[in-house]
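Enquirer:
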Amino acid sequence: MILIKEIEFIDYNENEVIMINLINGAADIIEKNIYNLIINSQFDKIDKQVLDCMLERKYLFTDEKEYHNFLEKLDNKIEELEKRATPSFLVVPSYACNLHCIYCYEQTYMIKGTKDIDPLKMVDIQFDGIDKIIKIYEDKYGNIKDDIRITIMGGEPLLKCNLKTIEYIFKQAKKRNYIIDIVSNGVDLNYYVDLFNKYKSTLDHIQITVDGVKEIHDKRRIFHNGQGSFDLIMKNIKLAIENNILIILRVNVDDTNIDELPALANFLVKEFNNSEMLKPYLYLLQDGGCSGEQNIVNEKIGIEKIFQLEEKNPNMTIFRKKFHPENFIESIFNDVPYQPVLRHCGAAKNQFILDCKSNVYKCWHGIGNNNYRVGTFYPKYELDDEKINDWFNRSVKIINKCKECKYRYICGTGCPAAKHMDNDNMDIKGPSCVNYGELIKTIMLEKMKKL
Ligand code: SF4
Ligand code: SF4
Numbered sequence: 001m002i003l004i005k006e007i008e009f010i011d012y013n014e015n016e017v018i019m020i021n022l023i024n025g026a027a028d029i030i031e032k033n034i035y036n037l038i039i040n041s042q043f044d045k046i047d048k049q050v051l052d053c054m055l056e057r058k059y060l061f062t063d064e065k066e067y068h069n070f071l072e073k074l075d076n077k078i079e080e081l082e083k084r085a086t087p088s089f090l091v092v093p094s095y096a097c098n099l100h101c102i103y104c105y106e107q108t109y110m111i112k113g114t115k116d117i118d119p120l121k122m123v124d125i126q127f128d129g130i131d132k133i134i135k136i137y138e139d140k141y142g143n144i145k146d147d148i149r150i151t152i153m154g155g156e157p158l159l160k161c162n163l164k165t166i167e168y169i170f171k172q173a174k175k176r177n178y179i180i181d182i183v184s185n186g187v188d189l190n191y192y193v194d195l196f197n198k199y200k201s202t203l204d205h206i207q208i209t210v211d212g213v214k215e216i217h218d219k220r221r222i223f224h225n226g227q228g229s230f231d232l233i234m235k236n237i238k239l240a241i242e243n244n245i246l247i248i249l250r251v252n253v254d255d256t257n258i259d260e261l262p263a264l265a266n267f268l269v270k271e272f273n274n275s276e277m278l279k280p281y282l283y284l285l286q287d288g289g290c291s292g293e294q295n296i297v298n299e300k301i302g303i304e305k306i307f308q309l310e311e312k313n314p315n316m317t318i319f320r321k322k323f324h325p326e327n328f329i330e331s332i333f334n335d336v337p338y339q340p341v342l343r344h345c346g347a348a349k350n351q352f353i354l355d356c357k358s359n360v361y362k363c364w365h366g367i368g369n370n371n372y373r374v375g376t377f378y379p380k381y382e383l384d385d386e387k388i389n390d391w392f393n394r395s396v397k398i399i400n401k402c403k404e405c406k407y408r409y410i411c412g413t414g415c416p417a418a419k420h421m422d423n424d425n426m427d428i429k430g431p432s433c434v435n436y437g438e439l440i441k442t443i444m445l446e447k448m449k450k451l
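The numbering used here numbers the first residue of the sequence shown as 1 and each following residue consecutively.
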């Protein structure tokens, strides 16, 4: 018998251990004596029923060859799925923004590229670029069956003055049956409600960031004159919800607002009465953008704190938590199979970002930085295959340290941008580790308390 390497054991209590399969998300509570037999490979002393269960749940294989073949088959299958991942696109209609948030990373870069192109013409050129990328994909893999998604972002895309441009993007997307979502600060959203009502089936959702109750938010997400944006944004979120527009509300969490999350939870519950059209989530900031790293909370400490706050205030359950191993752990508690990965995100698959200066990027954090550009689409359409391949090769099958890592099917090499403020060139060929062992243990034990 061979025990898989991709396994985690967590001390649950004096007598029991949680055993987790890090490939498929199977999780079981076992007695300590069985645990001791397992880790000492004394499988002949384990009850047959337990062994059969371990084989079925793929903690164990009968021999090395079977284990190896299973991994090889699995890797080939994921590779195929990731290669064929439906292309997704981000378009940046403009880099202008009406806010001056303290952590905005876009201020870091000098955005270069073509100038003085009429915005509507630029949309045509962007969609022409998208059509070309899709054609290359379809020539390779056949017709795309899934929905193609376009994310509109900026700067702030929903500036009042961008209305015509955004309407034109919707028109082009609808013509092609694409779905749109938007990352916005929500300040000028009221000018867009009619448009969104007109294109209801094209718009999926709008993501808006709110960093706390008014006193907190207004210190962080401010206008250029220093004034806060909370009241205006909340008014617009209400308007959107009244019009059945789904709002994904992101809360960037760091040391300066973590303690105030219950107040925000109370406010949201009171104002929106758990509306289905409002889906808030917490994101523990990994990088402080222009405001530096001093307020970043260690993820384990942040997770523990958030669980403590939730224990005291049930309204905190309004927030979905986007912690690193969250998808993996959700699959355990929701009893659904985990989809293992070789790559971390869309940047290493078929995601392309087309900005308003004819630059093409793969990664959100690379936007506006020439070092991260992988091509242009005007006046000449030119993609740098080598750079695109560098992203595609950001796989746990390629990066040496990841090949042997037991967390690889959860991590997929990590996000190289997590520490991008430290180096102007992201190391996309190197691993970007997260302490999955510690995080999985912390979240599992916290969630088990509630069972
Ligand atoms: S590499 Fe990191 S920042 Fe870039 S798109 Fe992927 S997750 Fe986002
Ligand atoms: S980046 Fe680090 S944690 Fe992630 S798979 Fe590679 S070695 Fe493992």
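C-beta atoms are modelled at their ideal positions from N, C-alpha and C, and glycine is treated no differently.
Bear in mind the structure is a predicted one, so any value in this text is a computation, not a measurement.
Could you check the C-alpha separation between D211 and D131 for me, to the nearest Å?
Expert: Near 37 Å, if we compare the C-alpha coordinates of D131 and D211.
Enquirer: Could you give the DSSP three-state label for G155: helix, strand or coil?
Expert: Of the three classes helix, strand and coil, the one that applies to G155 here is coil, per DSSP.
Enquirer: Identify every run of the beta strand (DSSP E) within the stretch 362-387, keeping only runs that are complete inside it and at least 3 residues long; order them along the chain.
Expert: Qualifying beta strand (DSSP E) stretches, in chain order: 373-376.
Enquirer: May I have the straight-line CA-CA distance separating Y67 from T376, to the nearest angstrom?
Expert: Each residue's alpha carbon lies about 45 Å from the other.
Enquirer: If you measure between the beta carbons of I399 and P340, is that distance less than 9 Å?
Expert: Cβ atoms of I399 and P340: not closer than 9 Å.
Enquirer: What span of residues does the beta strand (DSSP E) with Y67 cover, start to end?
Expert: Element bounds for Y67: not the beta strand (DSSP E) but the alpha helix (DSSP H), E64 to K83.
Enquirer: Given that a residue counts as buried once 16 or more other Cβ atoms are within 10 Å of its Cβ, and exposed if not, what is I324?
Expert: For the sequence presented, residue 324 should be read as His rather than Ile. Answer is buried; the Cβ neighbour count reaches 16.
Enquirer: Going by C-alpha distance, which of Y338, C356 and C405 is nearest I78?
Expert: Of the candidates Y338, C356 and C405, the one whose C-alpha sits nearest the C-alpha of I78 is Y338.
Enquirer: Less than 9 Å between the beta carbons of I166 and I152, yes or no?
Expert: For I166 and I152, yes; Cβs fall inside 9 Å.
Enquirer: Excluding the 5 residues preceding and the 5 following E505 in the sequence, name in chain order all residues of the same chain whose CB lies nearer than 8 Å to its CB.
Expert: This structure does not reach residue 505, given that the chain is present from 1 up to 451, and the question cannot be answered.
Enquirer: May I ask you to verify whether the stretch 86-106 touches the stretch 348-360, counting CB pairs closer than 8 Å and requiring at least 3?
Expert: Counting Cβ pairs under 8 Å, three or more are found: they touch.
Enquirer: Return the residue from the list Y283, V396 and L120 that minimises the CA-CA distance to N76.
Expert: Nearest of Y283, V396 and L120 to N76, Cα basis: V396.
Enquirer: DSSP state of P87, grouped into three classes?
Expert: P87: coil per DSSP, three-state reduction.
Enquirer: Can you check DSSP and say which residues form a bridge with L354?
Expert: Answer is V91 and V360, bridged to L354.
Enquirer: Identify every residue that forms a DSSP beta bridge with T442.
Expert: Paired residue(s): none; T442 is not in a bridge.
Enquirer: According to the neighbour-count rule (16 or more other Cβ atoms, all chains shown, within 10 Å of its Cβ), is N236 buried or exposed?
Expert: Under this definition N236 is a buried residue.
Enquirer: May I ask which residues mark the beginning and end of the beta strand (DSSP E) holding H205?
Expert: H205 -> beta strand (DSSP E) spans L203 to T209.
Enquirer: Looking at R250: is its Cβ nearer than 9 Å to the Cβ of I208?
Expert: Going by C-beta atoms, R250 is nearer than 9 Å to I208.
Enquirer: Helix, strand or coil for F9, going by three-state DSSP, please let me know.
Expert: The answer is strand: DSSP assigns F9 an E or B state.
Enquirer: Helix, strand or coil: how does DSSP classify A27 here?
Expert: Three-state result, A27: strand.
Enquirer: For the pair the stretch 435-443 and the stretch 313-333, tell me if three or more CB-CB distances fall below 8 Å.
Expert: A contact exists between the stretch 435-443 and the stretch 313-333.
Enquirer: Hey, how far is the Cα of F230 from the Cα of I301?
Expert: Roughly 28 Å between the two C-alpha positions.
Enquirer: For F392, collect the residues of the same chain with a Cβ closer than 7 Å to its Cβ; drop the 5 residues on either side in sequence, then sort them by chain order.
Expert: A348.
Enquirer: Could you tell me if the beta carbon of T429 falls within a distance shorter than 8 Å of some heavy atom in ligand 2?
Expert: The sequence shown places Lys at residue 429, rather than the Thr named in the question. Checking every heavy atom of ligand 2 against the Cβ of K429, none is found closer than 8 Å.
Enquirer: Is any heavy atom in ligand 2 found nearer than 8 Å to the beta carbon of I443?
Expert: Because no heavy atom of ligand 2 lies under 8 Å away, the Cβ of I443 does not count as near it: no.
Enquirer: Is any heavy atom of ligand 1 found at a distance shorter than 8 Å from the C-beta of A417?
Expert: Yes, Cβ of A417 sits closer than 8 Å to a heavy atom of ligand 1.
Enquirer: Out of K45, C104 and I10, which one is the CA nearest neighbour of I30?
Expert: Closest by alpha carbon: I10.
Enquirer: Taking the alpha-carbon positions, what's the F328 to K380 distance?
Expert: Roughly 42 Å between the two C-alpha positions.
Enquirer: Are L203 and I241 closer than 9 Å when you measure CB to CB?
Expert: It is not a contact, given that the beta carbons lie outside the stated cut-off.
Enquirer: Could you check if S201 is buried or exposed, using at least 16 other CB atoms within 10 Å of its CB as the buried criterion?
Expert: So S201 counts as exposed.
Enquirer: What does the alpha-carbon distance come out to for the pair K83 and D194?
Expert: Cα to Cα, the separation comes out at about 38 Å.
Enquirer: Going by alpha carbons, who is nearest to H365 out of Y378, G346, S358 and L383?
Expert: Of the candidates Y378, G346, S358 and L383, the one whose C-alpha sits nearest the C-alpha of H365 is G346.
Enquirer: Please name the residue, chosen from K450, K387, A265 and L189, that lies closest to D427 on a Cα-to-Cα basis.
Expert: Minimum Cα distance to D427 is reached at K387.
Enquirer: Specify, as a first and last residue, the run of the beta strand (DSSP E) that N252 falls within.
Expert: Element bounds for N252: I247 to V253.
Enquirer: Report the option in L22, S358, N13 and K164 whose CA atom is closest to the CA atom of I332.
Expert: Checking every option, the nearest Cα to that of I332 belongs to L22.
Enquirer: Can we say the stretch 50-60 touches the stretch 313-321, given the rule of at least three CB pairs closer than 8 Å?
Expert: Counting Cβ pairs under 8 Å, fewer than three are found: no touch.
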